[in-house]
Every structure is written in structure tokens, then in C-alpha cells.
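Colleague: My structure is below; once you've seen it, I'll send some questions.
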Amino acid sequence: MITPTEVFKSLADETRVRAILLIAGQGELCVCELMCALDDSQPKISRHLAQLRSNGLLLDRRQGQWVYYRLNPDLPEWIGEILHVTSKANADWLKDNAARLQHMDGRPVREAACC
């Protein structure tokens, strides 16, 4: 069980907050999409995603050369509510990130889920 202290420590960095809010809004994003949206390097994005994953907030999956991240579906409901309210109340704060993601050239194509 993840504690409030662990959640808020995990979200105490701007890059991690922006990444998790974008992931929550999109359902799933790969590292390259987050690099474009956040206008940051692969090592930095990967390091922050690894921390969110190790704290239990995100899960990852590999599809070919891409690694996709999504919210852990087993998170307590209150965490999803915090992310939803934060995202909704701060749409302007994420506007540029969302625009860069939307206009990204060469976004990877996700395979349809099996069965």
C-alpha cells in the first residue's frame, strides 16, 4: 500500500508531475512522447519514470523498441482523484506540453490489445 508521504514525495518534482498528469490524461505514453511533450532528454525522462514506477505509481510495458507507461490500475482511488483534480485545475499549466504532444511527428503506433 502506497502512503500519502510516498505519493507526495514522488510528485515533488515538476518533471514527474507533468509526466504523470500527461500519462493520466492520455492513458499511456512512451518515453519518446514524453521527451517531446516535456522538451527534455531521454535520460532525464527515463530517470523520472523509473522513480514513479519504483514507487508503484506507474507500470510499464515493452512493444518492440518502445516502452509505454501507464498509471498502475491498483492505485487507491484517492490518488486517481488527486491526479484528476490537479489536471483539471491546471490545464493552462499543461497546455504547452499537451500541444507539443499533439503535434509530435512520428508518434509510435500502439498495437491493439489482444483478446
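First residue of the sequence shown? That's 20 in our numbering, and the numbers climb one at a time after it.
Built from N, CA and C at the ideal position, the CB exists for glycine as well.
Would you say C55 and P127 are within 8 angstroms of each other, going by their C-beta atoms?
Modeller: no
Colleague: Hey, which unbroken runs of the alpha helix (DSSP H) at 4 residues or more fall wholly within the region 49 to 79?
Modeller: 50 to 57 and 61 to 73
Colleague: Please return the same chain residues whose Cβ sits closer than 8 angstroms to the Cβ of R35, not counting the five positions on each side in sequence.
Modeller: S29, H67, Q70 and L71
Colleague: Counting pairs of beta carbons, one from the region 112 to 126 and one from the region 79 to 86, are three or more of them closer than 8 angstroms?
Modeller: As far as the Cβ criterion goes, the region 112 to 126 does not touch the region 79 to 86, which means the pair count is below three.
Colleague: Output the distance between the C-alpha atoms of V26 and S60, rounded to the nearest integer angstrom.
Modeller: Their backbone Cα atoms lie some 24 angstroms apart in a straight line.
Colleague: Per DSSP, which residues does V86 bridge with? Please list them.
Modeller: Bridge partners of V86: R81.
Colleague: What number of angstroms, rounded off, separates the C-alpha of L40 from the C-alpha of L102?
Modeller: 6 angstroms
Colleague: Let me check understanding here. Comparing Cα to Cα, which of K107, K114, V104 and L77 lies closest to L94?
Modeller: L77
Colleague: Below 8 angstroms on the Cβ atoms is my guess for G44 versus S106; work out the distance and round it to an integer in Å.
Modeller: 6 angstroms
Colleague: Taking only three categories from DSSP, how would you classify T24?
Modeller: DSSP places T24 in helix when its eight states are reduced to three.
Colleague: For G99, which residues from the same chain have a beta carbon less than 8 angstroms from its beta carbon, with the 5 sequence-adjacent residues on both sides left out?
Modeller: Contacts found: A43 and L90.
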